[in-house]
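Participant:
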Ligand code: 0GY
């Protein structure tokens, strides 16, 4: 009997993805993925807003090898709250092929941050998406930044366009590198050269801001396999900021409601947004290596 029952409308990750035809360059990093539990080993947090199916470290490593990815950046999922045990367990077993981005509270001990650093943690995630968390006041996040800055860590931000409009100055005052999940979740029904995405591009033009051009599956209205409506957005970011873009699968794809993406298709999407070998090498290898392995 499993310790947790997944949500009734939960969509499970695809256990049988397509073998991609795009061959990822050696050293490719999947810079955005998660693990869920397993719930009977690493319990989900009481304050979570969803209960997923399990997605273990062994399953993550199997997908990594199947897709031709070399390394992973595991990002703390909100269903685990500020208990990073499952993520740290991945780092302990990854043979230096994984890094982590954790969620912590302001009262975290510096010694615990240092232990996490030893294991491969390089950032904290601040999440503003209200269906996932209850966002905290600025001072809460600022006191965390004061603790992580000496370690050379960065902040990963998950927000939507309205949050950027409200919090832009605060984000830029943090004084550490910023990595934005999923291009700040643009509404791809709006024009790529319209005010909403231009506001994101203006933010991303700051030298401390990096962008994950991930999750076409989450943003698209037109859908797989081409995700044609997301391509102009991601391609603009890749071509405008080629040295500060990252790619990731987002496996095991929490909270998908319509269809679960095929991770092989997500690999085959890469050449449509990074159209030359030079751009692909930066996106997949050089940029994440600079941020997480140097
Ligand atoms: C993602 C996106 C989502 C969930 C989380 O931590 C999370 O629970 O990030 C989402 O539901 O949009 O990046 O996996």
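Residue numbers (the working numbering): 12 to 305.
We treat Cβ as the ideally placed atom computed from N, Cα and C, and that holds for glycine.
Consider the Cβ of residue 226: report whether some Cβ of chain C lies at a distance smaller than 8 Å.
Facilitator: Reference to chain C is not applicable here, since this structure consists of a single protein chain.
Participant: In chain order, what residues of the same chain lie with their CB nearer than 6 Å to the CB of residue 15, ignoring the 5 residues before and after it?
Facilitator: So the qualifying residues of the chain are 50, 55, 62.
Participant: Cβ-heavy atom distance between residue 272 and ligand 1 below 7 Å?
Facilitator: Every heavy atom of ligand 1 is 7 Å or more from the Cβ of residue 272, so no.
Participant: Check whether the segment 77–95 touches the segment 108–123, counting contact only when three or more Cβ pairs, one atom from each stretch, lie closer than 8 Å.
Facilitator: Short answer: they touch.
Participant: Is it the case that the CB of residue 169 approaches a heavy atom of ligand 1 more closely than 7 Å?
Facilitator: It does: the Cβ of residue 169 is within 7 Å (strictly closer) of some heavy atom of ligand 1.
Participant: Just to confirm the assignment, what range does the beta strand (DSSP E) spanning residue 168 have?
Facilitator: Where residue 168 is concerned, the enclosing beta strand (DSSP E) stretches over 165–169.
Participant: Let me know the secondary structure DSSP gives residue 44 once reduced to three states.
Facilitator: Looking at residue 44 - three-state DSSP - the assignment turns out to be strand.
Participant: Please determine whether the Cβ atom of residue 265 lies at a distance below 7 Å from any heavy atom of ligand 1.
Facilitator: Yes, the Cβ of residue 265 comes within 7 Å of a heavy atom of ligand 1.
Participant: Which residues share a DSSP beta bridge with residue 79?
Facilitator: BP columns for residue 79 are empty, so no partner.
Participant: When you compare each of 115, 271, 252, 190 to residue 284 by their alpha carbons, which one comes out closest?
Facilitator: For residue 284, the nearest C-alpha among the options comes from 252.
Participant: Which residue marks the beginning of the alpha helix (DSSP H) containing residue 181, and which one marks its end?
Facilitator: Per DSSP, residue 181 belongs to the alpha helix (DSSP H) from 172–183.
Participant: Taking just the CA atoms, how far does residue 238 sit from residue 228?
Facilitator: If you take the alpha carbons of residue 228 and residue 238, they lie about 7 Å apart.
Participant: Report, in whole angstroms, the separation of the C-beta atoms of residue 45 and residue 265, which I expect to be a contact under 8 Å.
Facilitator: That belief holds up - the Cβ atoms of residue 45 and residue 265 are roughly 7 Å apart, short of 8 Å.
Participant: Mark residue 97 as exposed unless 16 or more other C-beta atoms lie within 10 angstroms of its C-beta, in which case mark it buried.
Facilitator: Result: buried.
Participant: Taking 7 Å as the line, does the beta carbon of residue 90 fall inside it for any heavy atom of ligand 1?
Facilitator: Residue 90: yes, Cβ under 7 Å from ligand 1.
Participant: Mapping DSSP to helix, strand and coil, what is residue 189?
Facilitator: Strand at residue 189.
Participant: With DSSP as the reference, label residue 287 as helix, strand or coil.
Facilitator: Residue 287 falls in the coil class under three-state DSSP.
Participant: Report the three-state DSSP secondary structure of residue 108 (helix, strand or coil).
Facilitator: In the structure shown, residue 108 sits in coil (DSSP, three-state: anything other than H, G, I, E or B).
Participant: Counting Cβ pairs, one atom from each stretch, are 3 or more of them under 8 Å apart for the segment 129–145 and the segment 161–181?
Facilitator: Segments in contact, yes.
Participant: Can we count residue 229 as close to ligand 1, meaning its CB is less than 7 Å from some heavy atom?
Facilitator: Yes - ligand 1 has a heavy atom lying nearer than 7 Å to the Cβ of residue 229.
Participant: Using 8 Å as the threshold, is the segment 62–73 in touch with the segment 283–302, meaning 3 or more CB pairs across them?
Facilitator: Contact between the segment 62–73 and the segment 283–302 is absent, because fewer than three Cβ pairs lie under 8 Å.
Participant: At what residues does the beta strand (DSSP E) containing residue 221 begin and finish?
Facilitator: From DSSP, the beta strand (DSSP E) with residue 221 extends over 220–223.
Participant: Could you name each continuous beta strand (DSSP E) segment of 3 residues or more that falls completely within the segment 18–63, going from the start of the chain to the end?
Facilitator: Counting only runs of 3 or more, we get 40–44.
Participant: Per DSSP, what are the beta-bridge partners of residue 134 in this structure?
Facilitator: According to DSSP, which records beta bridges pairwise, residue 134 is partnered with 112, 165.
Participant: Is DSSP giving residue 66 helix, strand or coil here?
Facilitator: Reduced to three states, the DSSP call for residue 66 is strand.
Participant: To the nearest angstrom, how far is it from the Cα of residue 169 to the Cα of residue 52?
Facilitator: Taking the straight line joining both Cα atoms gives about 27 Å.
Participant: Can you tell me which of the three DSSP states residue 249 falls into?
Facilitator: In this structure, residue 249 counts as helix in the three-state DSSP scheme.
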